[in-house]
Amino acid sequence: MAYDNSKRANASSLSTMYGRITHNENSRMMKICFCSDMDKSVLLNNFDKRGWMQVTADDDWNFYWAGTQTCRNIFSVDSGYRMHDNQIINHFPNHYELSRKDLLVKNIKRYRKDLERDGSALAEKVNDGGINGPKYLYLDFIPVTFVLPADYNMFVEEYRKNTQSTWIMKPTGKSQGAGIFLINKLSKLKRWSREAKTSFHPAIGKESYVISRYIDNPLLIGGKKFDLRLYVLVTSFRPLKAYLFKLGFCRFCTVKYDTSVTELDNMYVHLTNVSVQKHGGEYNNLHGGKWSVQNLKLYLEGTRGKKVTEKLFGGINWLIVHSLKAVQPVMASDRHCFECYGYDIIIDNNLKAWLVEVNASPSLTSTTVNDRILKYKLIDNILNIVLPPDGIPDVRWNKIPSAENLGNFELLIDEELASQTQEDNILGSMTTGKQRINNRWK
Ligand SMILES: Nc1ncnc2c1ncn2[C@@H]1O[C@H](COP(=O)(O)OP(=O)(O)OP(=O)(O)O)[C@@H](O)[C@H]1O
1 MAYDNSKRAN ASSLSTMYGR ITHNENSRMM KICFCSDMDK SVLLNNFDKR
51 GWMQVTADDD WNFYWAGTQT CRNIFSVDSG YRMHDNQIIN HFPNHYELSR
101 KDLLVKNIKR YRKDLERDGS ALAEKVNDGG INGPKYLYLD FIPVTFVLPA
151 DYNMFVEEYR KNTQSTWIMK PTGKSQGAGI FLINKLSKLK RWSREAKTSF
201 HPAIGKESYV ISRYIDNPLL IGGKKFDLRL YVLVTSFRPL KAYLFKLGFC
251 RFCTVKYDTS VTELDNMYVH LTNVSVQKHG GEYNNLHGGK WSVQNLKLYL
301 EGTRGKKVTE KLFGGINWLI VHSLKAVQPV MASDRHCFEC YGYDIIIDNN
351 LKAWLVEVNA SPSLTSTTVN DRILKYKLID NILNIVLPPD GIPDVRWNKI
401 PSAENLGNFE LLIDEELASQ TQEDNILGSM TTGKQRINNR WK
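Just so you know, we're using UniProt numbering here: the sequence shown kicks off at 1 and counts up by one.
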């Protein structure tokens, strides 16, 4: 879709009907015009409930729930499109700095290096005697990852340090488990490269992949692997303002976890994506292999204790905040934008949380009744946070929602409100005092 200013002129039919929405008394009577690339009931029902009117992208919209590509088009220099103060949109133009697997890793690695160079205590390293050398004490929350083909030689070096490790290969440009496979031998990677005609020679390779150390000791419940899907709303990157939706869920594999080599290609054992699991014979349509985060918390408090459970969830908040801080310098923090990210997190059996991926367009498809309720609430709560108290999109608003408008979201960080305090709180909920911080990550 191409955008140009002439389209804004074409939008006059609606503008004259309702008038440009401005912050005067009349505006309170006016309808909000929304545009959506997605035909999802959880979205449309929410807009409908608010009495909003659907318009096309060529009209003068106030609120756009767009696909990532549409958003990039709108912000592209070529489009010449200028948003006015009463327009907001659900993506940051370069969200891919966080949501593309290779860029996420690159940004986190750079963030750690920058902190290290600045002598920050956050970049402290510890030598746990492992063959892989010193680890970051507080920022070791992504599995060791390389981008292929660019980092092939570095990967081989790492692989040779421990040839017993399993690795997971993921194409950077795909989702829903497509093209993912596990390897436990370099020869398997080489064979695949030959068969797929994909060269891992840095100068020749075309499609890019990430290869990550496979977390082979996931926390199992009922013998099955699961990951967490958490929703994080960012309303600004500079200053950073982020909220965590408390109603996340676990997504379970349908087949019991099994590390034997014969099961390495069995994706029902290893990949937690619903898009993969729903094709399995064991998939349950009623609960969809999902469990609420609240249930997980109760289960962990009962089986492992309250303290370690709190520490785990503090650690999750910590990794979310620092993944956002890692992309903060490179994100175009346009005031018209907000974004709801789907965080995929795996917990290992030592109750350590690992960030697997961040999705910029988490699925709004509902696979179960509970799913529909949850996603409807998610959208409702997002709207309450991104809209000023009078409900009219306005980029001049200070983006400080009232406590009652947070709904099921909790504030993770608002650098404008109290920069250090919240970070301390997050760290504090993981542990208190330096010594205990050290213990946390040992
Ligand atoms: N390093 C890892 N260790 C263990 N399991 C992993 C690892 N990376 C990914 N997985 C598993 O593979 C699944 C798919 O990985 P990932 O989410 O990165 O890919 P995707 O296909 O892009 O998924 P999505 O549709 O969520 O975008 C994860 O949900 C998780 O179950």
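Positions of the beta carbon are idealized from the N, C-alpha and C atoms, including for glycine.
Would a C-beta distance cut-off of 8 Å place VAL356 and ILE345 closer than the cut-off?
yes
Simplified DSSP state of ILE168, which is helix, strand or coil
strand
When you compare the CB of LEU247 with every CB in chain D, is at least one pair closer than 8 Å?
Among the protein chains of the structure shown there is no chain D, as only one such chain exists.
For a test of your reading of the model: does the CB of TYR213 fall under 7 Å from any non-hydrogen atom of ligand 1? Yes or no.
The amino acid at residue 213 is misidentified as Tyr; the sequence shows Arg. ARG213 Cβ: within cutoff of ligand 1.
Residue range of the beta strand (DSSP E) that CYS35 falls in?
33 to 36
Counting C-beta neighbours from all protein chains within 10 Å, is the total for GLU339 16 or more, i.e. buried, or is it exposed?
buried
Please classify THR235: is it buried, with 16 or more other beta-carbons within 10 angstroms of its beta-carbon, or exposed?
buried
Own chain residues within Cβ distance below 8 Å of LEU148, not counting five before or after
Excluding positions up to five away in sequence, the list reads PHE155, MET169, PHE200, GLY205, SER208, TYR209, VAL210, ILE211.
Assign ALA57 to one of three DSSP states: helix, strand, or coil.
coil
Determine the direct distance from the alpha carbon of TYR283 to that of ALA121, and round the result to whole angstroms.
46 Å
I believe ALA332 touches PRO93 by the beta-carbon criterion, under 8 Å. Please report the beta-carbon distance rounded to the nearest angstrom.
Confirmed, about 5 Å.
For ASP37 and LEU219, what's the separation of their Cα atoms in angstroms?
When the Cα atoms are used, ASP37 and LEU219 turn out to be separated by approximately 38 Å.
Cα-Cα separation between THR367 and ASN285, rounded to whole angstroms:
8 Å
Taking the CB atoms as reference points, tell me whether ASN317 and SER99 lie closer together than 8 Å.
no
In the structure shown, what three-state DSSP assignment does TRP354 receive?
strand
DSSP on ASP265, reduced to helix/strand/coil?
Coil.
Which stretch, first to last residue, makes up the alpha helix (DSSP H) that contains PHE338?
Here PHE338 belongs to no alpha helix (DSSP H), and DSSP marks it neither H nor E.
Going by the C-beta, is GLY222 closer than 7 Å to any heavy atom of ligand 1?
no
For a test of the three-state rule: what should DSSP assign to LEU104, helix, strand or coil?
DSSP places LEU104 within a helical segment (H, G or I) once states are collapsed to three.
Buried or exposed: which applies to SER323, given that a residue is buried once 16 or more other Cβ atoms fall within 10 Å of its Cβ?
Counting the other CB atoms within 10 Å of its CB gives SER323 a total of 16 or more, which places it among the buried residues.
Report the partner residues of ILE345 according to the DSSP bridge assignment.
For ILE345, which the question treats as bridged, DSSP gives the partners LEU228, LEU355.
If I'm right that LYS106 touches THR172 with Cβ under 8 Å, what's the distance once you round it to whole angstroms?
Not confirmed; about 11 Å, so no contact.
Grouping DSSP H, G and I as helix and E and B as strand, with all else coil, what is ILE183?
strand
For ILE215, does the three-state DSSP call read helix, strand or coil?
coil
Do ASN266 and ASN349 have their CB atoms nearer than 8 Å?
no
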